[in-house]
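S.K.: Numbering (the numbering used here) for the sequence shown: 1 to 854. Where a beta carbon is used, it is the ideal one built from N, C-alpha and C, also for glycine. Could you have a look at this structure, given as structure tokens, before my questions?
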Amino acid sequence: MDSLADVVTAFSANDDDDDTERLFALPLPTWTERDDHDPDTVTIARAKPGHRAHKIIRADRTSDYDAGRIFTYRTVQVPDMDALWSLLQQQLHERHEFLLPYARPLVEKGRRLKARQADGAEPTLKQKPSRILALDIDKVALPEGWSFSAEPERAARWIAAEYLPSPLNETDVIVQATSSAGLPGKDGLARVRVFCMLDRPLADYQLKAWAESACVQCDASIWTATQPIYTSNPVFDGVPDPLNERLWRFRPGASAAMLAVPDVKAPTHEPDDWDGELMHEAELEATLTALPNDRTDWNSWNSVGMATYAASGGRGYGLNSWETWSARNPDHGASGTCEARWRHYRRSPPTATGPGALVMRVRRALGNMEWEPNGYELLVQRGEAPPLAQAPDGSWMPDRSWVRGEDGRWCPPQAVGVMREPADAAKVRECGPGDEIASAGSVAPARRSPPPPRQWLHGTDLLIGHVSVLVAPGSYGKSALAVAMALSLATKPMLGSKVYGSNRKVLFLSQDDDSDEMCRRTIAAEVHHNAAFGDRLVMFGMDDIARLHPDGLRFNRDQGSRKEVDASGMARLDWLIQQHKPDLVVMDPLLGFCPAGVNDNGCMTAVMGKLQEMASRLRVAMLVLHHERKGARDDTDAEAAMGAASIINKARVGLRLVRMTPAECQTYGVLPWDAWRHVSINDAKVNLAPAGARRWVRLEGVPINNGTPNYPEGDTVQTVQPWEPVATGHEFDLSTLRAVVARIASGTRDEQGAAAPFSPATARKGGRLFAKPIADVLRPGWGGRNMGEHQESSMAAAAVARAAVRGWIVERSTRAKKPQGGTRPVKGLYAAWHATPWAGEPPPGAFVVSANTD
């Protein structure tokens, strides 16, 4: 194609805007389309109709780019600055296109922008050198008193002449304002892209090495093959454009720039070879440990953060590593914002970056393009793995002579009392360099006993020397579950998990309940499970803690603009544990012990580390109860915990309570209004044992018989009991469900013989139960098989649950007379006949709700 008209005809036929006349009004460009991919070419990607490569700016919000996922690619030749100037003028009005100057397209049409496909499919783009230099300069403060919107050309000229380093401040450059330049709140910042021609093509790793050596504050990701450069003007909807123009050229005719690039070797493989899988925690830590942090600009800090997020898949260990790296240089201008930025990445995940970007940063910083992160060496240094030893075949394997000590760290056998027989030292000393000394080699290590087993207390939930975290929203029963666990340790197993040892002592610290409320909780558990703590429980309610010390038990505190561990509060906890010598310490909830909040990842890393150190040194298990963040999904993801990711990451065991879903109600025959009572315990993170199957508990209200004349009925307090789900695996046809609903509508008789609705209770004993009558309804479909009482009850409950989920059976509460006078609330099951497929037929019984009361 030789003319702009040909380009418009070919690529604007399906446009959903009407820019054709404006395009023809522009001067014809000097570039022509080419089939080859030399360094003077630029790749242009075009989105499908209905997508756009520009922002829409409104008074109340900005709609980001929406280029979609499928693009067509073409290349154009840009041999000099005149051609580049013409191309950028053209692209100002191309609403569906963006530039990829450092990419060579491998297909004409491709899904997504991929330099390497993780699934092995063919990539769509390949990295290439280019003679075009593009710089993304963002958040650079203009001189005091300047306004980008008032004098945009002056600000652009200042960037070109004063801000850019030599030789860019003397060459022919093009400056383009980005979509957000000049907007309210951003008017004092330069938000621009700079383009110029180089005297020779340079690769991305050379440009990044130049930028670091010249201390150029820009976003280096712009030089990757898959990074779009959006050049289309934004669309302003209902608000004026603050800029009268957005593209300027300064010093036309000046020579191309000759950059002083450090002597760096080309990478032995593309950094994309690292992408496609996540970095191991130790690999990531080793990479960031090797990466210098001497830059003070925000862009560099943010680029490392984006790459770290992508390298870790957004997991908590990535945030921990980035926090640690950032703390080495507090002058990057973003102190204390790592976690906030991490949340931004979660909403808008980084692209075109990842493990490869981090590895390449280290390689360029070290001047060693062969460098690879050695995560295993880091594990050895921390005692989490044995060192490598050379096997007879020349390969390197973990040294099997090393053993785990009591603290779980790997150490040489001598450190745990296992002795090697020494070599003949005298004979070795007689040997000179190169002499044969094989006959003086050391004897193989003596046979040794395995280290003692881990000291579990309650199943794989609680472990002596370690911290466990239990996460749940409010009202899910985490405090009641913790009391029941404590009672199991003090008396007998009662939650289905094995208890190791007996008569264990528990220290329970609550910042949610006072001592009276804690006493009610423990009595409810004792009454329900027919057990007693005796002297094996020490409780501190929030009132007891306040009397303990004016500052209470604080794990952190505000210290000016930062948050830190409260050493005095930790010392008081240490003293309490040494005074009472418990096997388990329960802290409920974590937020109550952290008045400075739980969002600062660095502070919470230190808090959890101190608790872990205390648990290990004092040989106790710790159970920390913690709230769930708002909007968390109902799954086993322990990162749904409120606040810093390190709370879960630094714990050895992570548990999450999840309420029963409607689908599970149908599977297990639980009435939908009883779903809140059924909670599963999920092993969201278990570092020292395999994750187990989901366990269930049911929340029960227990009268504790503490009535008074003013409150004769006393309190009913929540506790938990184990609950074993039984999946019926049976589906019920409409005719069967109709019979079930009809039987519910006909009701039963109460203790006095009067007509009454069925009780919604699913217990096996008591009055007005529906299990046997509904089983009689279902029995004709069993073909004469004897199901047994338990299976019959489960089938009956499943059938009622199926109808209830559809809204055909509902629970209602009425008032019934008491023999001694007065009334009491009575719950019953009623048929919502009007909501069934048989609503046109007469109601089959008296216990039916009408449409206006449903």
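1) Quick one, are the C-beta atoms of Ala385 and Asp399 less than 7 angstroms apart?
2) Whole-angstrom Cβ separation of Arg328 and Asn293, contact assumed at under 8 angstroms?
3) Just verifying my parser: in three-state terms, what is the DSSP assignment at Asp199?
4) Is it the case that the Cβ atoms of Asp136 and Ile222 are separated by a distance below 7 angstroms?
5) For Gly318 and Leu243, which I take to be in contact (beta-carbon distance under 8 angstroms), what is that distance rounded to the nearest angstrom?
6) Indicate the three-state DSSP secondary structure (helix, strand or coil) for Tyr317 in the structure shown.
7) Could you pull the start and end residues of the beta strand (DSSP E) that Arg698 belongs to?
8) With a threshold of 16 other CB atoms inside 10 Å of the CB of Tyr230, please say whether the residue is buried or exposed.
9) Identify which residue in Tyr309, Ser401, Gln91 and Asn682 has its Cα closest to the Cα of Glu281.
10) Measuring straight from C-alpha to C-alpha, what distance separates Ala446 and Pro453?
11) Applying the criterion that 16 or more other CB atoms from any shown protein chain within 10 Å of the CB defines a buried residue, is His528 buried or exposed?
12) Report yes if the C-beta distance between Pro101 and Ser130 is below 7 angstroms; otherwise report no.
13) Can you tell me whether Asn649 is helix, strand or coil according to DSSP?
14) Could you tell me which residues DSSP puts in a beta bridge with Thr814?
15) With three or more beta-carbon pairs closer than 8 angstroms as the criterion, would you say the stretch 488–502 touches the stretch 648–656?
16) To test your reading of the DSSP string, which unbroken alpha helix (DSSP H) runs of 4 or more residues are found completely within the stretch 462–519?
17) May I ask you to report which of helix, strand or coil DSSP gives Asp16?
18) Should Cys594 go down as buried or exposed, given a rule of 16 or more other Cβ atoms within 10 Å for buried?
19) Could you please give me the residues that DSSP links to Cys411 through a beta bridge?
20) Quick one: give me the first and last residue of the alpha helix (DSSP H) that Leu164 is part of.
21) When the Cα of Thr226 is compared with those of Ile681, Ala103, Ile464 and Ser502, which residue comes out closest?
22) Give me, in chain order, the residues of the same chain whose beta-carbon lies closer than 6 angstroms to that of Ser568; leave out the 5 immediate sequence neighbours on both sides.
23) Please say whether Trp210 and Val261 have beta carbons closer to each other than 7 angstroms?
24) Quick one: measure Cβ to Cβ for Thr748 and Ala797, integer angstroms, because I've assumed they're closer than 8 angstroms.
25) Could you check how far apart the C-beta atoms of Ala865 and Gln666 are, in whole angstroms? I think they sit under 8 angstroms.
26) Kindly indicate which three-state DSSP category Lys139 falls into: helix, strand or coil?
27) Measuring only the C-alpha atoms, how far is Val810 from Ala472?
28) Tell me the residue span of the alpha helix (DSSP H) that contains Phe593.
29) Report the three-state DSSP secondary structure of Asn682 (helix, strand or coil).
30) What is the DSSP secondary structure of Glu97, counted as helix, strand or coil?
31) Among all the DSSP beta bridges, which residues are the ones paired with Ala134?
32) Anyone know if the C-beta pair for Val362 and Leu291 falls short of 7 angstroms?
33) Quick one: measure Cβ to Cβ for Leu462 and Ala621, integer angstroms, because I've assumed they're closer than 8 angstroms.
34) How should Ala684 be labelled, buried or exposed, when 16 other C-beta atoms within 10 angstroms of its C-beta is the threshold for buried?
35) Within 10 angstroms of its Cβ, does Gly120 collect 16 or more other Cβ (buried), or is it exposed?
36) Run through the stretch 171–236 for me and flag every whole alpha helix (DSSP H) of 4 or more residues, listed as ranges in chain order.
M.R.: In short, the structure shows the following:
1) no
2) 5 angstroms
3) strand
4) yes
5) About 38 angstroms; that fails the 8 angstroms criterion.
6) helix
7) Arg695 to Pro703
8) buried
9) Tyr309
10) With a pLDDT of only 46 at Ala446, under 50, the local geometry of the prediction cannot be trusted, and the value read off the model is given with reservation. Between Ala446 and Pro453, the C-alpha separation is close to 21 angstroms.
11) buried
12) yes
13) helix
14) Val826
15) no
16) 478–490
17) Any reading at Asp16 needs caution, since the residue's pLDDT is 37, under 50, leaving its predicted position unreliable; the model's value is listed next. Coil at Asp16, not helix or strand.
18) buried
19) Val403
20) Leu164 -> no alpha helix (DSSP H), and no H or E assigned at all.
21) Ala103
22) none
23) yes
24) Not a contact, Cβ separation roughly 16 angstroms.
25) What is shown of the chain runs 1 to 854, which leaves residue 865 out entirely.
26) strand
27) 28 angstroms
28) Leu590 to Phe593
29) strand
30) strand
31) Phe195
32) yes
33) 4 angstroms
34) buried
35) With a pLDDT of only 41 at Gly120, under 50, the local geometry of the prediction cannot be trusted, and the value read off the model is given with reservation. Gly120 should be labelled exposed.
36) 204–213
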